[in-house]
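Chemist: Be aware that the sequence shown starts at 854, since it is given in my numbering, and climbs by one per residue.
Glycine is no exception: its CB is placed at the ideal position from the N, C-alpha and C atoms.
Quick caveat, the model's predicted, so the values are computed rather than measured.
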Amino acid sequence: MPEGVTLVAVSKTRPLEQLSEAYDSGQRHFGENRPQEMKSKWQELPKDIHWHMIGHLQTNKVKYIIDFVHLIHSVDSLRLLEEIDKRALRAERRVDVLLQVHIAQEEEKFGFGAEEVRAFFTGRAYSAYPNVRIVGLMGMATNTADGEVVRAEFDALRSLFDSLKPLADGASLQMETLSMGMSGDYELAIDCGSTMVRVGSRIFGARN
Ligand SMILES: *Cc1c(COP(=O)(O)O)cnc(C)c1O
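1. What does the Cβ neighbour count give for N886, buried or exposed, with the cut at 16 atoms within 10 Å?
2. Run the CB neighbour count on G976, radius 10 Å, all protein chains shown included, and call it buried at 16 or more, exposed below.
3. Consult DSSP for I1043 and reduce its assignment to one of helix, strand or coil.
4. Taking one C-beta from the region 916-932 and one from the region 949-964 each time, how about it: are there three or more such pairs within less than 8 Å?
5. Does the pairing of the region 859-871 with the region 1031-1051 give three or more beta-carbon distances under 8 Å?
6. Can you give me the Cβ contacts of R1004 inside the same chain, cut-off strictly under 7 Å, excluding the 5 residues immediately before and after it?
7. Any chance the region 897-904 sits against the region 863-882, with 3 or more Cβ pairs inside 8 Å?
8. Rounded to the nearest angstrom, how far is the Cβ of A941 from that of V988, given a contact under 8 Å?
9. Would you say the beta carbon of S864 comes nearer than 7 Å to a heavy atom of ligand 1?
10. Just to check my reading of the structure: I919 and V948 have Cβ atoms closer than 8 Å, yes? What is that Cβ distance to the nearest angstrom?
11. For H909, which residues of its own chain have a beta-carbon under 7 Å away from its beta-carbon, when the five flanking residues on both sides are left out?
12. Mind reading off the beta-carbon distance from A957 to E1006? Whole number of angstroms is fine, and I expect it under 8 Å.
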């Protein structure tokens, strides 16, 4: 990976042996999308691993990961943010999150609209969640072979990210991380300014 880009190895559905192998070769950031699966892997594996929650997270499952999760990429509603804040307080830690922004053409993808995110920042709505730190944005491009469509979506997210940076207060709000890019489009994402890519099948092989 180029300097300034963090590789999150997406290890969802993979057995522990494959994660251990990646760990032994130096990988320390792993991404999962099921809270219970993440928790059981965390229990089994070395404690210097940084665990990233990358999939849609149900509010009633926040409790499984709140004690150890490194970064939640997929905050897609205020209800979820509120639950993370509440659980973080009880866990006596501050939890880092990204707001997921809807950039793809597909209907079913989760996330806030760009204008919602902007309003959230300019209105300082984040100050209602003192036990979370918003450290950036995450997005998923349309699943298409048309590189121009994907580039336009990544560019739009990057512009939003850049335009929000001046609002960062160095405390509750720190625009440091732009999580975009997966196996099929991470090179393009890096080209468009991604600072964190989430790569599964290119590392571990095709999932069943
Ligand atoms: C599964 C997943 C990935 C990784 O997908 P690959 O195509 O295997 O690299 C990245 N991001 C999210 C949100 C995912 O759910």
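Modeler: By the coordinates alone:
1. Reading the sequence shown from its first residue, position 33 is the one you call residue 886. N886 is buried by the Cβ-count criterion.
2. Taking the first residue of the sequence shown as 1, we reach residue 976 at position 123. Answer is exposed; the Cβ neighbour count stays below 16.
3. Counting from 1 along the sequence shown, the entry for residue 1043 is found at position 190. Assignment of I1043 by DSSP, reduced to helix, strand and coil, places it in the helix class.
4. The region 916-932, when compared against the region 949-964, does touch it at the 8 Å Cβ threshold.
5. These segments touch.
6. The residue labelled residue 1004 in the question sits at position 151 within the sequence shown. Here R1004 has L1041, C1045 as same chain residues with Cβ atoms under 7 Å from its own Cβ, once five neighbours each way along the sequence are excluded.
7. These segments touch.
8. Residue mapping note: residue 941 aligns to position 88 of the sequence shown, counting from 1. Residue mapping note: residue 988 aligns to position 135 of the sequence shown, counting from 1. Actually they are not in contact, since the Cβ atoms of A941 and V988 sit about 14 Å apart, beyond 8 Å.
9. Against the sequence shown, residue 864 aligns to sequence position 11. Checking the Cβ of S864 against ligand 1 gives no.
10. Translated into positions along the sequence shown, residue 919 becomes position 66. Translated into positions along the sequence shown, residue 948 becomes position 95. Rounded, the Cβ-Cβ distance is 7 Å, consistent with contact.
11. Position 56 of the sequence shown holds residue 909. Here the set comprises S927, D929, F963.
12. The sequence position of residue 957 within the sequence shown is 104, counting from 1. The sequence position of residue 1006 within the sequence shown is 153, counting from 1. Confirmed, about 6 Å.
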